[in-house]
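For the protein sequence lines, the chains are A and B, in the order given. When the letters of the first sequence are read in order and numbered with the working numbering, they come out as residues 140 to 279. When the letters of the second sequence are read in order and numbered with the working numbering, they come out as residues 140 to 279.
There are 2 protein chains.
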Amino acid sequence: MNIQQAAVASGLTPDTIRFYERSGVLPRPPRRANGYRDYTTGHVHILRLARGLKHLGVPLKEAGRILAVAHDGTCGEVRHDMIEALDHALARIEARLRDLAAVREQIEAILDGLRRMQPADESVPGMAPCDCVDIVSTLA
Amino acid sequence: MNIQQAAVASGLTPDTIRFYERSGVLPRPPRRANGYRDYTTGHVHILRLARGLKHLGVPLKEAGRILAVAHDGTCGEVRHDMIEALDHALARIEARLRDLAAVREQIEAILDGLRRMQPADESVPGMAPCDCVDIVSTLA
DNA sequence: CTAGACCCTGGAGAAACTCCAAGGTCAAGC
DNA sequence: GCTTGACCTTGGAGTTTCTCCAGGGTCTAG
């Protein structure tokens, strides 16, 4: 699998993947005769985890350590520290899930306000700027 | 409420809040006689939304438009575009929630592997580096 | 009235991408 | 075989989004 396919499969971009590799965050995939990177489904698995850690705001340096364990099962770090890092990541995930649920509610409320505003002319985009102070300001 | 309190209440840092304000992403709060920014709970509400959008990776420019609607109910943009932007944000949230759940499973699997490794010497940190190839490599 | 913890602004620095130039590779169609 | 367009490579520059000072003012408690 070439880098483009790995990117699509993992939700990252080829540029990001190359950047991660350059930075030592990702394991280097083997190269084909022509020099192209050659990814396996195992690599994609790691790429997806990298993407998840990125979404959590885990610094690349720490992400690299976690990915190393996931990839070849060796932790250069002490096992105790590794477990701590992973527990930390888990806590971040829980907090983030709560966060996002709250944001979803906020956005749904705003959308609801906007939609109730002018139920007409839905089919006409490019209208004049709208003013919906009363409706949306009730959301605070 | 001063900027530090607003920061704690919203989960952002004072630096980030000032940066957002400088960038035109956040509404400018009133100032006290001494020049200090003075935040209300309404502002905190907006700050929290800003944090959520940041977590989603929404670019600041787009976040600014959404926050403007949430703050004073006016969309300088056309309503249709605004709804589109918010729908887009909602879709991002759903995808992100799925993402994080998957990452949680991945991390739990790795943790499980690490914990099963050496059930002894848990109380002794600072041990030699560990090697757990067999256990963790079964996770892929 | 002093010490410590805030606040302000402006600007430098860092982290994590993102894009581009210059050039090689490949698969499809003529 | 040859062209065309989409991919790949590297290295480096540019952008976004913070993050951290420096230098100075303000506030609260003892």
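Yeah, the Cβ is synthetic: ideal placement off N, Cα and C, and Gly gets one too.
Neighbour-count burial assignment, residue i, 16 or more Cβ in a 10 Å radius
i      : result
B/N141 : exposed
B/V147 : exposed
A/P258 : Legend: pLDDT at A/P258 = 49, less than 50; position of this residue unreliable, value from coordinates given subsequently. With fewer than 16 Cβ atoms within 10 Å of its Cβ, A/P258 is classed as exposed.
B/S149 : buried
A/C271 : Residue placement at A/C271 cannot be trusted, given a pLDDT of 41 that sits under 50; what the coordinates show is reported in the next sentence. A/C271 is buried by the Cβ-count criterion.
B/G252 : buried
A/P169 : exposed
A/G196 : exposed
A/Y175 : exposed
A/G191 : buried
B/R171 : exposed
B/R235 : buried
A/Q143 : exposed
B/R231 : buried
B/A145 : buried
A/R161 : exposed
B/R255 : exposed
A/Y159 : buried
B/A240 : exposed
A/H193 : For the sequence presented, residue 193 of chain A should be read as Lys rather than His. By the neighbour-count rule (16 or more Cβ atoms within 10 Å), A/K193 is buried.
B/R167 : exposed
A/R237 : exposed
B/L151 : buried
B/I156 : buried
Within chain B, the residues that residue i reaches when beta carbons sit closer than 9 Å
i      : result
A/G191 : D238, L239, A241, V242, R243, Q245, I246
A/I232 : L239, A240, V242, R243, I246
A/R170 : Those within 9 Å of A/R170 in chain B number zero; the least Cβ separation is about 21 Å.
A/R204 : Neighbours of A/R204 on chain B: none; closest Cβ ~11 Å, over 9 Å.
Start-to-end residues for the alpha helix (DSSP H) that takes in residue i
i      : result
B/G174 : Taken as a continuous stretch (DSSP letters only), B/G174 belongs to no alpha helix (DSSP H), as it is neither H nor E.
B/V242 : 218-256
B/G150 : Premise fails: B/G150 is in no alpha helix (DSSP H) and is neither H nor E.
A/L188 : 180-194
Partner residues on chain B for residue i, Cβ-Cβ distance less than 8 Å
i      : result
A/I222 : L250, L253, R254
A/R157 : Within 8 Å Cβ-Cβ: nothing; A/R157 doesn't reach chain B, min ~19 Å.
Contact list for residue i against chain A, beta-carbon separation under 7 Å
i      : result
B/V147 : Within chain A, no residue comes near B/V147; the closest Cβ sits about 15 Å away, beyond 7 Å.
Amino acids of chain A, ordered along the chain, whose beta-carbon sits closer than 8 Å to that of residue i
i      : result
B/H227 : Within 8 Å Cβ-Cβ: nothing; B/H227 doesn't reach chain A, min ~10 Å.
B/R167 : Simply none; closest approach about 17 Å.
B/R176 : Within 8 Å Cβ-Cβ: nothing; B/R176 doesn't reach chain A, min ~18 Å.
Contacts of residue i in chain B (Cβ-Cβ under 7 Å)
i      : result
A/L122 : Shown here, chain A extends from 140 to 279; a query on residue 122 of chain A therefore has no answer.
A/R235 : H194, L239
A/R161 : By Cβ distance, chain B contributes nothing, its closest Cβ being about 21 Å from A/R161, past 7 Å.
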